[in-house]
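All residue numbers for the sequence shown refer to the numbering used here, where the first residue is 1 and numbers rise by one. Built from N, CA and C at the ideal position, the CB exists for glycine as well.
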Amino acid sequence: MRAVDRLISTRETICRAATDCGRDPRAVRLVCVTKTFPAEAALPLLEAGHRIFGENRVQEAAAKWPTLREKYPDIELHLIGPLQSNKTREAVELFDVIESVDREKIAKALAEEMSRTGKRPRLFVQVNTGAEPQKAGVLPKDADSFLVACRDNYGLQIEGLMCVPPVDQQASPHFALLADIAARNGIGELSMGMSSDFELAIQLGATYVRVGSAIMGERNYPASTSSPPSS
C-alpha cells in the first residue's frame, strides 16, 4: 500500500473515532511524522494535500523542509522531539509549532530568541506522564508551576500539552492525566496518540495525533542509535 493510501485510511479512522465519541472530526488534526524519511517520501503526501508534518530532530528538519516549503509555503511543521538549547535559534526559524518545551532553560532561550526575531512559533509543553528517567518532559507534579513560570517569568503563551506514554503501560491513564492538567490550566490543545493508540487518544480529547509508521511505513534506524518511541 502506498503512503498516500495509508494517509487516506488514517484520516478515515480519525474521522470515525471522533464521530463515535461525539466529537467534530475537524477538531482533530493529523501530524504526519516523517522523521528518518527523506524529503522525497513526503512529496506524495504534499501533492495529496496534506500539510502538517512532524520531525524529531532540528538538524534533520533543516536539511529536509526549507526546499519543500518553497513549493508548499503553507506547510505546518512541528518539532516533536527534545530541543537542545543550542538549537533554539534554528528551531524558532524552522518550526511553526514546538511541542517539546520541558524545562526553564529552554523556556528562557525560546523567549529570548522569539524576542530577538519577532517569530512566534506556537508552543506546547511536554509532560513526562510516566515519570520515566530516560524520557524528556516536565514531571506531572511540576507541570502547573512550570506553566506559570513559562507565562509569568518568560512571557510565553503555551497553547498545548504533549505526552508520550510509556510503551509498556496502558496509554489511557496518561492521556487522561494530560487532559486534566490542560483543563485546570486553561490549555486547549492536546498532542497525544501515535500510530498504535491515536483512536484512544481521540476519545480522551486529543486535538493533534502524531502518526508516523502507520502512514510512512516502518523506519530503519542506524544500528548505532536507539529507536525513539514509534509514532
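Straight-line Cα distance separating residue j from residue i
| i | j | result |
| --- | --- | --- |
| Y208 | F146 | 22 Å |
| C15 | I8 | 11 Å |
| L123 | E159 | 6 Å |
| W65 | K71 | 10 Å |
| P36 | E60 | Per the sequence shown, residue 36 should be read as Thr rather than Pro. Roughly 8 Å between the two C-alpha positions. |
| Q169 | P25 | 27 Å |
| A131 | L139 | 6 Å |
| P133 | D142 | 15 Å |
| R11 | C163 | 21 Å |
| V167 | V127 | 15 Å |
| P121 | L161 | 14 Å |
| E254 | V125 | Any answer about residue 254 is impossible in this case: the structure gives the chain only from 1 up to 231. |
Beta-carbon contacts of residue i that lie in its chain and below 8 Å, excluding the five residues immediately before and after
| i | result |
| --- | --- |
| E76 | R51, I52, F53, D96, V97 |
| R2 | P44 |
Cβ shell of residue i (< 6 Å), same chain only, five flanking positions each side left out
| i | result |
| --- | --- |
| S224 | Because the pLDDT at S224 is just 41, under 50, the model does not fix this residue reliably, and the point stays unresolved. |
| K119 | V92 |
Whole-angstrom C-beta distance between residue j and residue i, which should lie under 8 Å
| i | j | result |
| --- | --- | --- |
| G81 | R57 | 6 Å |
| E104 | A149 | 6 Å |
| L30 | V211 | 6 Å |
| L94 | L68 | That belief does not hold up - the Cβ atoms of L94 and L68 are roughly 12 Å apart, past 8 Å. |
| L110 | L156 | 7 Å |
| V28 | I202 | 6 Å |
CB contact flag (residue i, residue j, <9 Å)
| i | j | result |
| --- | --- | --- |
| Y154 | K87 | no |
| A63 | D102 | no |
- Query: For the 8 Å Cβ check, are there 3 or more pairs between the region 167 to 180 and the region 190 to 198?
  - Reply: Under the Cβ criterion (8 Å, minimum of three pairs), the region 167 to 180 counts as touching the region 190 to 198.
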